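Notes follow once the structure below has been shown.
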Amino acid sequence: MTIFLYIFILVDVFAVGVLASEAVRHMYAHLTHQPENGKHGGPTTPIPPAVKQKMLEESEEEFKRILNHSAKQLQGDLEATGGEINKQVSRIASEIVAGEIERYKQDFAKLHEETSHELGGVSEELAARQAELKAKLAEDMAAEKDLLIKQIDTKLADAVTAFLLETLQHDVDLGSQTSYLLSTLEEHKAEFTKGVTDEA
Amino acid sequence: MKLKLDESVSSSQDVRALGLEIRDYARWYGQNGIKARVGVRKRKQVESPPISPAAQDLIRAVASKGTLKRKDLDELIDELSYIEAKSPRITITLAAIAPGSLKKSLVNWCREHIAPNVLVDFRFNSTLLGGMVVQYGSHVYDWSFRRQILAGSAKFPEVLRRV
C-alpha cells in the first residue's frame, strides 16, 4: 500500500513538473516574440497588432486558466494525497498501536501467568505452613490442656487426701478394726512370714 | 524348759517386768525358806511380794511335782532373760492405743503363725487413721489407711468426675 502511495506521489510530481516546464517555455516565447520551433515551419506572415494583441490576451487568458486549473488539480491532488497519507498514517499508527497493545497484552498475560504461578506456589506454601501451624497449635493446646488437667487433678487429690487425713484421724475406733486387722495379717501372712524367715 | 508366755505378756518390757517380778519373788522365796529352816516365827516373816497373774501362772507351771524349788525359779529367770534377748520382735503401730482384747488377738495370731514366743511391741500414731504398720527387723509392712489413701489419691479426680 505504501508503494502505491509513493508511485502516485511521483506521478503527480512528474505531471506538475511537465506542466510547469511547458508554462515556462510558453511564457518565454511570448516575452521574446519568438515562434515556437517545429510548430510553424517556413516563413511567417505578419500578424496585425490588433489580432496579435487579441491573441496575446487570449493566450494569456488561456495560460491563466490552465495554470488555475493545474493549480486546482494540484491542490486537489495534494488534498487527496494528504488525506490518503493521513489515512495511511492513521492506519499504520493504528496497526502499530494495535500491535503494541497486542504485545503488551501478551506480555501482560505472560507476566500475569508467571505471577499467578508464583503466587500459586506461595499460596500453596502459605496454606501448608498455615496447616502446619494449626496442627502444632492444636497439639500445644492439647498438651497444655492435659498438663492443666493433671495439675488440677493433683491438687484435687492432694486436697481430698489432706481432708481425709485431717478429718479421720480424730475419730479412730480400733475396737471395730480387730477383725480387719486380723484379716489383713491373714491376707499378707505368706509375705509376712517370708520376711520374718528371711530376717531370721 | 519350754515356756509358753501368756497373751498379756507381749513385749520385751513385759518380759523384763515379769522377770523382775519373779526375781523379787525368788529372792523372797529363798529368804523365807531360810527363815523357815532356822525357826523364825511366822509373824516375823515378811509377806511375799505382789506378783501378777501371769507370773503366778509361770511359777505354778515350773513347780516340779507340786513343790517349788529355788532352782526352778532361777531356771525360769534364765529362760525369761533368754526370751527377752533372743526371741524375735515385732513392732505393730496402730492408729490409737490398742485395747487389751486387740492386743491379745494380735499377739495370739503372731505366736501362732510366726513364732511361739515372739515379742510384740505396740505403738500408736493417730495419723495412720486405721490399719497398722508392722515392722520386723528391716522389713516394714505399711497396711495403714493413710498409706491406702495416699496410694489411691490419684483415683480421687476420676471418682469425683463420675459423681
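Listed in order, the protein sequences are those of chains A and B.
Just so you know, we're using my numbering here: the first sequence kicks off at 3 and counts up by one.
Just so you know, we're using my numbering here: the second sequence kicks off at 358 and counts up by one.
The beta-carbon is built from N, C-alpha and C at its ideal position, and this holds for glycine as well.
Remember, it's a predicted structure, so these values are computed and weren't measured experimentally.
{"Check": "Alpha-carbon spacing of residue 84/A relative to residue 117/A, whole angstroms", "Outcome": "47 Å"}
{"Check": "Classification of residue 515/B by the beta-carbon crowding that lies within 10 angstroms, buried from 16 upward", "Outcome": "exposed"}
{"Check": "Enclosing beta strand (DSSP E) for residue 449/B [first to last residue]", "Outcome": "446-451"}
{"Check": "Coarse secondary structure for residue 501/B, derived from DSSP in three states", "Outcome": "strand"}
{"Check": "Buried versus exposed, by CB contacts within 10 Å (16 or more), residue 390/B", "Outcome": "exposed"}
{"Check": "8 Å contact criterion, which residue 494/B and residue 201/A should meet: CB distance rounded", "Outcome": "4 Å"}
{"Check": "Cβ neighbour criterion (16 or more within 10 Å) applied to residue 503/B", "Outcome": "buried"}
{"Check": "Contact set between the stretch 154-166 of chain A and chain B, restricted to residues whose Cβ is under 8 Å from the partner", "Outcome": "154, 155, 158, 159, 160, 162, 163 and 166"}
{"Check": "Three-way DSSP call (helix, strand, coil) for residue 27/A in this model", "Outcome": "helix"}
{"Check": "Residues of the stretch 452-467 of chain B whose Cβ lies closer than 9 Å to any Cβ of chain A, in chain order", "Outcome": "452, 453, 454, 455, 456, 458, 459, 462, 463, 466 and 467"}
{"Check": "Positions along the stretch 437-452 of chain B whose CB lies within less than 9 Å of some CB in chain A", "Outcome": "445, 447, 449, 451 and 452"}
{"Check": "CB contact below 8 Å: residue 1/A versus chain B", "Outcome": "The shown model of chain A, from 3 to 202, leaves out residue 1/A, and the question about it has no answer."}
{"Check": "Residue 146/A at chain B interface by Cβ criterion, 8 Å", "Outcome": "no"}
{"Check": "Where residue 489/B falls, given that 16 or more other Cβ within 10 Å makes a residue buried", "Outcome": "buried"}
{"Check": "For residue 521/B: DSSP bridge partner residues", "Outcome": "Outside the shown range of chain B, which is 358 to 520, sits residue 521/B, and nothing can be said about it."}
{"Check": "Below-8 Å beta-carbon distance, residue 149/A vs any chain B residue", "Outcome": "no"}
{"Check": "In chain order, each alpha helix (DSSP H) run of at least 4 residues that lies wholly inside the stretch 77-101 of chain A", "Outcome": "none"}
{"Check": "Beta-bridge partners of residue 480/B, as assigned by DSSP", "Outcome": "450/B"}
{"Check": "Residue environment, residue 497/B, which counts as buried when at least 16 other CB atoms sit within 10 Å", "Outcome": "exposed"}
{"Check": "Short CB-CB distance (under 8 Å) between residue 190/A and chain B", "Outcome": "yes"}
{"Check": "Contact set for residue 474/B: own chain, Cβ-Cβ below 6 Å, skip 5 residues either direction", "Outcome": "362, 440 and 444"}
{"Check": "Alpha carbon of residue 58/A to alpha carbon of residue 51/A, nearest angstrom", "Outcome": "10 Å"}
{"Check": "Test item: CB-CB of residue 396/B and residue 427/B under 8 Å", "Outcome": "no"}
{"Check": "Stretch pair the stretch 446-463 of chain B + the stretch 153-165 of chain A: three plus CB contacts closer than 8 Å", "Outcome": "no"}
{"Check": "Residue 511/B at chain A interface by Cβ criterion, 8 Å", "Outcome": "yes"}
{"Check": "Best match in 374/B, 378/B, 513/B and 485/B for proximity to residue 407/B [C-alpha to C-alpha]", "Outcome": "378/B"}
{"Check": "Contact the stretch 476-484 of chain B vs the stretch 135-149 of chain A: 3+ CB pairs below 8 Å", "Outcome": "no"}
{"Check": "Interface partners of residue 500/B on chain A, CB under 8 Å", "Outcome": "186 and 190"}
{"Check": "Supposed close pair residue 433/B, residue 415/B - CB separation, criterion 8 Å", "Outcome": "6 Å"}
{"Check": "Closest by C-alpha distance to residue 194/A, when choosing among 506/B, 380/B and 448/B", "Outcome": "448/B"}
{"Check": "Which residues DSSP lists as bridging residue 470/B, in chain order", "Outcome": "BP columns for residue 470/B are empty, so no partner."}
{"Check": "Euclidean distance between Cα positions of residue 196/A and residue 365/B", "Outcome": "26 Å"}
{"Check": "Residue 40/A (DSSP reduced to helix, strand or coil)", "Outcome": "Its pLDDT being 49, under 50, residue 40/A is placed unreliably by the model, and the measurement read from it follows with that caveat. Here residue 40/A sits in coil by DSSP."}
{"Check": "Cα-Cα separation between residue 110/A and residue 13/A, rounded to whole angstroms", "Outcome": "46 Å"}
{"Check": "Pairwise C-alpha distance: residue 124/A and residue 148/A", "Outcome": "35 Å"}
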